[in-house]
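>
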Amino acid sequence: MKILDFGSLNLDYVYSVQHFVRPGETIPSAGRQIFCGGKGLNQSVALAKAGADVYHAGKIGSGGERLLNCLKEAGVDTRYVLREEDAETGHTVIQVDESGQNCIILFGGTNRQITPEEADGILRNFEAGDILLLQNEISSMAEIMEMAGKIGMRIALNPSPISKELFSYPLELVTWFLLNEIEGGELTGKEQPEEIADELLRRYPQSRVVLTLGRDGVVYRDAAQAARHGIYRVERVDTTAAGDTFTGYFLAGEAAGLPVEESLRRASVASSLAVSRAGAAPSIPCLEEVLSANLEPMDSSKL
Ligand code: RIB
34 MKILDFGSLN LDYVYSVQHF VRPGETIPSA GRQIFCGGKG LNQSVALAKA GADVYHAGKI
94 GSGGERLLNC LKEAGVDTRY VLREEDAETG HTVIQVDESG QNCIILFGGT NRQITPEEAD
154 GILRNFEAGD ILLLQNEISS MAEIMEMAGK IGMRIALNPS PISKELFSYP LELVTWFLLN
214 EIEGGELTGK EQPEEIADEL LRRYPQSRVV LTLGRDGVVY RDAAQAARHG IYRVERVDTT
274 AAGDTFTGYF LAGEAAGLPV EESLRRASVA SSLAVSRAGA APSIPCLEEV LSANLEPMDS
334 SKL
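In this note's numbering, the protein residues as written are 34 to 336.
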């Protein structure tokens, strides 16, 4: 069983600011750092650091070599990363405020230049039972899902960022929905976490729903079981890639056949550690750190 993450690769330009810039305002930044990121890249790195064998597919352009090296260093197989030297690699402008919160502007670049034909050439190397992980930062999403469905791959979808196109994707093919409550609310029209999970399961009864709730942790639901887990107390430095870390660690647990509760625990510890560090990919901990971490639960009643 192989895992293919078909997803975005971004250079993150991260500006440290006192507060997020407001309409019409010009503000100074305390500094800028350039990190490797992209929801796709971050999730591949998290999967690899969690111990999974993962292939990354995507596209880079000029300046993208650094992203390729970042994947390789984490142990990700990059043979399916395409190049388009005349085009610009995806990038972001990220503000991180003094409380560690972020806001992100995305420039798609080569992430948005993946064609159905290119995707077909890559997906041919996979077979029924393999896992395809997708976010929503690349082009040809619907076609990729259809092709993977025909092959019999199991699809894990992190529907982030939400777009109007997302609603026309073949979501009935999804096995794992990994999303936060804002995305879940937009997708279902519901507000309360239980209602969101109920509605997703009503529409897609075959699916497993992993709904992250920020400070309230995470709820898991499928047709047969329910589980939840809380978060841990850490100093919040930068929340960028915390969700991606959660997704990669949880899916690695599922692929390895771990009990859902253990996958939730590892993913929660890993994402808490990521929040305590700067940057996207560089903040993702390795499995040894996660297994040996001794973090204090924020609210033990939720563990
Ligand atoms: O989830 C965080 C990621 O979202 C960042 O690394 C940025 O590149 C955007 O894709």
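For each residue, glycine too, the CB sits at the ideal point set by N, CA and C.
Could you check whether the Cβ of Glu170 sits closer than 8 Å to any heavy atom belonging to ligand 1?
Result yes, Cβ under 8 Å from ligand 1.
> Quick one: grab the DSSP three-state call for Lys92.
The answer is strand: DSSP assigns Lys92 an E or B state.
> Starting from Thr245, follow its DSSP beta bridges and name the residues at the other end.
Paired residue(s): Asn213 and Val251.
> For Glu98, which residues in the same chain have their Cβ closer than 6 Å to its Cβ, ignoring the five residues on either side in sequence?
So no residue of the chain qualifies.
> Would you give the residue range spanned by the beta strand (DSSP E) that Ser49 belongs to?
Asn43 to Ser49 is the span of the beta strand (DSSP E), which, as asked, contains Ser49.
> Between Asp45 and ligand 1, is there a pair consisting of the residue's CB and a ligand heavy atom that are separated by less than 8 Å?
Yes, since a heavy atom of ligand 1 falls inside the 8 Å radius drawn around the Cβ of Asp45.
> Could you name the residues of the same chain whose beta carbon sits closer than 7 Å to that of Ile155, not counting the 5 residues immediately before and after it, in chain order?
So the list reads Ala90 and Tyr113, once near-sequence residues are dropped.
> What residue from Phe159, Ser173, Ile164 and Val129 has the CA that sits closest to Gly141's CA?
Closest by alpha carbon: Ser173.
> Name, in chain order, the residues that DSSP records as bridge partners for Tyr113.
Tyr113 pairs with Ala90.
> Within the continuous beta strand (DSSP E) that includes Val126, where are the two ends?
Start and end: Gly123 to Val129.
> How about the region 52–63 and the region 284–292: do they share at least three Cβ pairs that are nearer than 8 Å?
Flag = no, the region 52–63 and the region 284–292 do not touch.
> Based on the DSSP output, what are the partners of Pro330 in its beta bridges?
Answer by DSSP bridge pairing, in chain order: Tyr265.
> If we ignore side chains and look at the alpha-carbon of each, how far apart do Val15 and Phe279 end up?
Beyond the ends of the chain as shown, which are 34 and 336, falls residue 15; an answer cannot be given.
> Does the Cβ of Phe210 lie closer than 8 Å to at least one heavy atom of ligand 1?
Result no, Cβ not under 8 Å from ligand 1.
> Please classify Asn158 as buried or exposed, where buried requires at least 16 other C-beta atoms within 10 Å of its C-beta.
Exposed.
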